[in-house]
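Numbering (this note's numbering), first residue to last: 137 to 1186.
Structure follows, in structure tokens:
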């Protein structure tokens, strides 16, 4: 009978089935929504990749770029050994990329550049997926992800990923053949993979993601070790997923993360080659076995231990141990890419830096010992006096089947001048004023004894040390770069702390003017600079909104992104401990930090979306938010950055490298010094095989025994450097620095001096320290070099029109107080060569490296040739004299200018500086031609100098004065007056700006103020010589006025 009542069993059954229906609905619904999201997430991710790849490929440099790019490209093209610590994985991938050039070597650089663009585009895709992952997981409620959130999540990813696509730093590295694009991809891939592990952590097979991450990080060591800085982030992802979060837990996790990172950086990377070195020493020096036997035994032992460990952990079911050993194994497999460096080094390729063919030189190479190191935790201040010195093993030379150590000095300093956390440590005298300015150093004064008596030294206080850290290292060398990317950039000129170069701006007048002075008063060249990019701080504000949204919704996620941001920003600042006066801007080192902030830009989408939801429906608010934020972020950044990040059509680095080589006679030797007068030359010789008869020798490297050994080998069509002293005399640790004494008054034949410097007998050495540290020395700096007149005239060293100026012999008065290994090699070369091969110095070699040879310089283009003639000192050229016949042929018929005159081709600061110097070359040549009575050619040369870069791309300044003088002297008065007027107006703008500043505000403006004042002075002297009364009156008045305002008034 039905009583109308329901029993407990029926109620429970009803509840159970309803719950089951709900769960089934959720599962089916959730799977359906997630499948839809994942599909659109993948599609959109690939569209983002396609867009960014298209942008980068369209704006990529079509050939080699300046700085390290040339070296990396030629390393990839022939699998050569570049500068420490090397990037073997990048080089091998680059080699694969060059194969797509289809046999056309001139396209090899383009292929490597495109590789960077594609790697960057993949990094953008993984950034997109990282953002959507972090945002989506916040929006899942009770296991349900609602369809209305698909568009906002995708919009978040688009906003953040595209903002980073068009960011200043990342776009710059994406269009050149450097390793930073590939390094960014590794960092992005590792972080994304860890989030994938988090998503699948409950799956028994999720551990595969951990192993993949370890392998990628091992591979990353073959690109750049900065990838390791994400390790703490990964540890926190693991902690947040597997453990309940507590204060003590976070501290313990931080300790574990730092321990793992420290183990990798300070133990594994340097320790593995060090341990291998112990094996090598034992097997070679003790057992007498061949070189590399100990290394092979060590490798075999490591492999055996790892295999045993994995088998043991599996057999004993020790899961954690298995993960640890397997991860360590794949890291070692990835790191083994360095085997390529040793293998290729043993093959003696044309470029073989450090010759890392054995484990000791490889360890020296990987640890970058040739660059020295900066103190991290404890060390001296810059003014610290040394109180003692001891010798420590620097490396090993291979001698007679054994390894013999060589040493370097290690100084001990006055304890009063040492500190924890030393930031102002560099003893370079050029760095001291920078330390004093940024640290506002007053310090403590100590009186110490020295060789010259008693002297007072200033020791900074720890507070001043910290002030330098915060103001310069953190503020100027990091925060400035951060703001470049998300607020705006003043211009593309390298900053040194002054108010007009390389600062960040916002585009908001009252903010910029309060920090930097009235920006409307800047010289026109700076106001119109292509690198003047204004984002009005909008990307920054969107990112800050993302931080706020994450703080409200996902504190764990905020902590992860923040730790990523800190580890790729502040942690790098601490680790690098950069000294002042870096040769270039270093923003690329912090790209990972900007990547992390772009995640917040993506999250910022959600804050605005949720705000608009109060007024609009879900779909409408998502679309409006996307339109607003894409416009305020990526679109604005793309518009502002496109003109100074588009390198399409620019061939300047390639052609300038060619011009250096074309300046040289056949089978010559060209000495260079820096990156930009060496790497493009090496590239165009090694890859495009242009002028392979010229031997390019970098003076910075010539101080190393391995480099001299490399120069003694034939390379392509270039013969070895002719040297008399055997290679063992140039070994590492020997003849590094030879004092130049005045024991002999009269000149001594250079051959005798070289032979004397090569003597090993201690009675020909000197003990300068009084501690038994005997070193070779030179008894005089007056060196007689024989000249066979018939030889130098017949082989073209001395041209017929210079016959009456020929000197035989010549006396080289060495101007240095010490001769270094490179100086000894040059002496040896001049002694041995006997004028049979032309010898040049590039015009960009610092004059401090000439050491008195400059009086024998004859300029033939972008290089000075050493010629045994009387030059009369500084004539038409900067040093020595000019050969107008050869230089005319080179500048007018051989040199190329890389499309610099094309209005669509962007010239950055480095290019503009070089082309300014080219104008000076043309002016000097024009003056030389005038002196020789060839007015027609002088005018022709001058007009070519004006045409290579138009004035609207490179205004006429101090470096164009020679061109104006030629025009005026050759009767082209209207044209000459117009050019002189442009130079005057240019200088007036800079000087007028300087006049408006007080003394403190003029910090760092010594060069722009000084050179523009010098321009007016030179124009005034020129006008006097030309009897040009009008120009004299104008320039005299300006010189007097600005000198009074800038240098007389207090």
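Virtual Cβ for every residue (Gly too), placed ideally from N, Cα, C.
If we ignore side chains and look at the alpha-carbon of each, how far apart do residue 1165 and residue 1061 end up?
-> 26 Å
Would you give the residue range spanned by the beta strand (DSSP E) that residue 1048 belongs to?
-> That residue, residue 1048, is in no beta strand (DSSP E); its alpha helix (DSSP H) goes 1045 to 1067.
CB of residue 831 within 7 Å of CB of residue 854, strictly | yes
Curious, which full-length beta strand (DSSP E) runs of at least 3 residues does the region 446 to 533 contain?
-> 514 to 516
Where does residue 942 sit, in a helix, a strand or coil, going by DSSP?
-> strand
DSSP-derived helix/strand/coil call for residue 801 | coil
Selection from 629, 952 and 661 that minimises the alpha carbon distance to residue 984 | 952
Count the CB pairs spanning the region 713 to 730 and the region 558 to 565 that are closer than 8 Å, and state whether there are at least three.
-> yes
Could you give the C-beta distance for residue 772 and residue 1129, rounded to a whole number, given that I count them as a contact under 8 Å?
-> With a Cβ gap of about 29 Å, residue 772 and residue 1129 do not count as contacting.
Burial state of residue 373 (16 or more Cβ within 10 Å) | buried
Taking just the CA atoms, how far does residue 403 sit from residue 869?
-> 27 Å
Among 375, 709 and 1131, which one has its Cα closest to the Cα of residue 1181?
-> 1131
Reducing DSSP to helix, strand and coil, say where residue 585 ends up.
-> strand
Under the three-state reduction of DSSP, which class applies to residue 985: helix, strand or coil?
-> helix
State whether the region 749 to 769 contacts the region 535 to 554, with contact taken as three or more CB pairs (one from each stretch) at a distance under 8 Å.
-> no
Limits of the alpha helix (DSSP H) - the one that residue 1125 falls within = 1109 to 1131
According to DSSP, is residue 918 helix, strand or coil?
-> strand
Can you give the beta carbon distance from residue 1007 to residue 994, rounded, assuming they're within the 8 Å contact cut?
-> 7 Å
The region 1099 to 1114 touching the region 1061 to 1075, judged by at least three CB pairs closer than 8 Å = yes
Using 7 Å as the limit for Cβ to Cβ distance, is residue 708 near chain E?
-> Chain labels in this structure do not include chain E; a single protein chain is all it has.
So is residue 591 buried or exposed if we call it buried at 16+ other beta carbons inside 10 Å?
-> exposed
Could you pull out every residue in the same chain whose Cβ sits closer than 7 Å to the Cβ of residue 462, ignoring the five residues on either side in sequence?
-> 347 and 446
For residue 555, which residues does DSSP report across the bridge?
-> 515
DSSP state of residue 624, grouped into three classes?
-> strand
With a 10 Å radius around its C-beta and 16 neighbouring C-beta atoms as the bar for buried, classify residue 976 as buried or exposed.
-> buried
Best match in 719, 609 and 409 for proximity to residue 430 [C-alpha to C-alpha] = 409
Could you tell me the distance, in whole angstroms, from the CA atom of residue 920 to the CA atom of residue 882?
-> 9 Å
Where does residue 763 land, buried or exposed, given buried means 16+ other C-beta within 10 angstroms?
-> exposed
Less than 7 Å separating the beta-carbons of residue 730 and residue 621?
-> yes
Should residue 493 be listed as close to the ligand GTP, given that the test is whether its C-beta is under 6 Å from any heavy atom?
-> Among the ligands in the structure shown, none appear at all, so the ligand GTP cannot be discussed.
Between residue 1117 and residue 1043, what straight-line distance do the alpha-carbon atoms span, to the nearest angstrom?
-> 24 Å
Using a threshold of 7 Å, state whether the C-beta atoms of residue 838 and residue 958 are closer than that.
-> yes
Measure the alpha-carbon distance for residue 981 versus residue 1057 and round it to whole angstroms.
-> 15 Å
Tell me, please, whether the region 269 to 279 touches the region 724 to 742 by the rule of three or more beta-carbon pairs shorter than 8 Å.
-> yes
Please go through the region 704 to 752 and give each complete alpha helix (DSSP H) segment of 4 or more residues, from N-terminal end onward.
-> 706 to 712 and 727 to 748
Inter-residue CB distance, residue 542 and residue 533 (contact presumed, cutoff 8 Å) | 6 Å
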